[in-house]
Structures are given as structure tokens and as C-alpha cells.
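For what it's worth, our numbering labels the leading residue of the sequence shown as 2, then goes sequentially. Below is one structure; the comments refer to it alone.
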Amino acid sequence: MAIVDTDEDGTIEAVRQNARLTGHVQNAQVMLVAAGIAAFSIVAVATAMLATML
Numbered sequence: 002m003a004i005v006d007t008d009e010d011g012t013i014e015a016v017r018q019n020a021r022l023t024g025h026v027q028n029a030q031v032m033l034v035a036a037g038i039a040a041f042s043i044v045a046v047a048t049a050m051l052a053t054m055l
């Protein structure tokens with residue numbers, strides 16, 4: 002549930018802009034976590050391959 006701060010502007014447009022900005026930040030955080038998991042997976046696979054070669 003979103004917390005809407007009504008102290009700033011109070012207009013519907015300001016609330017919409019705040020919601021859009023919050024949504025974009027959340028999407029960026031999700032993409033950053035996904036990229037981190039992908040990078041960790043690549044390193045883990047490379048480590049496993051090198052371990053089997055040695």
C-alpha cells in the first residue's frame with residue numbers, strides 16, 4: 002500500500018508524478034538485483050568448470 006504525503010502540493014498531478022517516480026525506482030532496483038544474480042551465476046558456473054578441469 003502506498004503512503005501518499007499530502008503536505009507538499011496536494012494536487013492529483015503531484016501524486017501521480019510521485020507514484021510514477023516510485024514505480025521507476027522499484028523497477029530499477031528489481032533489474033539491479035536480477036543483474037547481480039545473473040553475474041553471480043556466471044561466476045559460479047565458471048568456477049565449477051575450472052574446478053573440474055584442474
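We put the beta carbon where it would ideally sit given N, CA and C, even for glycine. Quick caveat, the model's predicted, so the values are computed rather than measured.
Handout entry: L55 in three-state terms, based on DSSP
Key = Indexing the sequence shown from 1 puts residue 55 at position 54. Reduced to three states, the DSSP call for L55 is coil.
Problem - CA-to-CA distance, A35 to A47, given in whole angstroms - result: Position 46 of the sequence shown holds residue 47. Position 34 of the sequence shown holds residue 35. So the two alpha carbons sit approximately 18 Å from each other.
Practice task
Reducing DSSP to helix, strand and coil, say where T12 ends up.
Solution key: The residue you call residue 12 lines up with position 11 of the sequence shown. Reduced to three states, the DSSP call for T12 is coil.
Handout entry: Distance, M54 Cα to G37 Cα
Key = As a position in the sequence shown, residue 37 is number 36, starting the count at 1. As a position in the sequence shown, residue 54 is number 53, starting the count at 1. Near 26 Å, if we compare the C-alpha coordinates of M54 and G37.
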